[in-house]
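For reference, the structure is listed below as structure tokens.
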Amino acid sequence: MTSQNQTCCKLTCYLGCCKLALLSCQPCCKLKLLSGEDREFLRLLWWNIKDRSKLEFFRYCRVVLGVTSSPFLLNASIRHHLNSTEYQLEYLQTTVEKLKRAFHVDNLTTSVESQEELEQFKMQTMEIINAASFELRCWAHTGVQDQESKSENYEITSRC
């Protein structure tokens with residue numbers, strides 16, 4: 001089984017543990033600034049057009065899309081903010097713990113038991129993520145079409 005298949009299986013199992021599945025993503029998360037000391041490790045080698053014998057080195061100021069460490073940096077940044085003391089408030093603890101398990105690179109994937117829990121989770125998540133200067137959008141979730149029936153028919157709703 002490939003790594004991607006294992007991830008898909010894990011996500012499918014995790015989404016199936018509650019009644020409502022919830023997905024969201026972070027746009028342009030790879031465009032974060034690099035600190036000065038980290039810029040030394042992300043360089044571009046450039047041939048001088050006029051004199052091909054000269055090489056020029058440029059340092060990036062932002063994390064480049066496609067750099068292998070990008071997912072690591074994003075995950076480390078999210079974890080750093082989730083572990084900060086300002087989120088140790090009692091009413092946010094359940095959401096913070098769920099968020100620590102729910103991020104896969106720049107996607108949020110989790111599940112909740114009810115529509116009320118969904119709304120509360122989204123509100124608290126947005127409060128936490130916005131305070132860390134991140135953005136989550138393109139929320140999508142399953143919802144039971146007829147709450148009274150025990151039908152297994154679900155629909156995906158999305159707001160981008």
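Counting from 1, one number per residue, gives the positions in the sequence shown under the UniProt record's numbering. By construction, the Cβ of each residue, glycine as well, lies at the ideal position given by its N, Cα and C atoms.
*Inter-residue CB distance, residue 42 and residue 34 (contact presumed, cutoff 8 Å)*: 6 Å
*asked:* Just to confirm, is the Cβ distance from residue 73 to residue 100 under 7 Å?
replied: no
*Looking only at C-alpha atoms, which of 119, 120, 98 sits nearest to residue 110?*
Of the candidates 119, 120, 98, the one whose C-alpha sits nearest the C-alpha of residue 110 is 98.
*Identify the continuous beta strand (DSSP E) that holds residue 96 and give its terminal residues.*
It is not in any beta strand (DSSP E) - residue 96 instead sits in the alpha helix (DSSP H) that spans 93 to 102.
*Residues sharing a beta bridge with residue 43, DSSP*: 59
_Residue closest to residue 94, alpha-carbon to alpha-carbon, out of 103, 84, 75, 124_ = By alpha-carbon distance to residue 94, the top candidate from 103, 84, 75, 124 is 124.
*Would you say residue 103 and residue 112 are within 7 Å of each other, going by their C-beta atoms?*
no
_Distance check for residue 51 and residue 140, CA to CA, integer angstroms please._
Answer to the nearest angstrom: the Cα atoms are 53 Å apart.
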